[in-house]
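Note that my numbering has the sequence shown beginning at 6, numbered continuously upward. Note that CB positions come from ideal geometry on N, CA and C, so glycine has one too. Here's the structure, in structure tokens; my notes come after.
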Amino acid sequence: MDSSYQPIYRRLKGNTFSEGFSIFYNGEKYKLVFQKFKRDQVSKSDKKKGIKPKRKLLMESNFFFTTLENIEFSQLPCKTLSKEFCEKFNIIWK
6 MDSSYQPIYR RLKGNTFSEG FSIFYNGEKY KLVFQKFKRD QVSKSDKKKG
56 IKPKRKLLME SNFFFTTLEN IEFSQLPCKT LSKEFCEKFN IIWK
């Protein structure tokens, strides 16, 4: 079996401080990745020069599961994004 993970879900939310929730699957296991970022503010003069804000990774957590059923998403980071995922795919959020 191919051990490389393929993305099956990705969601980002926020502005200056943002959260990311991704799910990958390799045919055997699911990999849930939770990330939190902070974006630097750029002044108007820098924006005119074409300088773009940079995101810094503040936190990244990886969790591995064989099934998406019976996961206590409320105990994991990024509760809002994981709840949206559960609602979209009819998984019980607990």
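Assign residue i to one of two classes, buried (16 or more other C-beta atoms within 10 Å of its C-beta) or exposed (fewer than that).
i	result
leucine 86	buried
serine 8	exposed
phenylalanine 68	exposed
glutamine 80	exposed
Going by DSSP in three states, residue i sits in which element: helix, strand or coil?
i	result
serine 27	strand
leucine 81	coil
phenylalanine 94	coil
leucine 86	helix
Since residue i and residue j are thought to touch, with beta carbons under 8 Å apart, how far apart are those beta carbons, to the nearest angstrom?
i	j	result
phenylalanine 78	tryptophan 98	5 Å
Opposite residue i in the DSSP bridges: which residues?
i	result
glutamate 65	Gln40
tyrosine 10	Paired residue(s): none; tyrosine 10 is not in a bridge.
Is residue i near the ligand PLP, judged by its Cβ being under 7 Å from some heavy atom?
i	result
leucine 37	Ligands in the displayed structure: none, and consequently the ligand PLP is not present.
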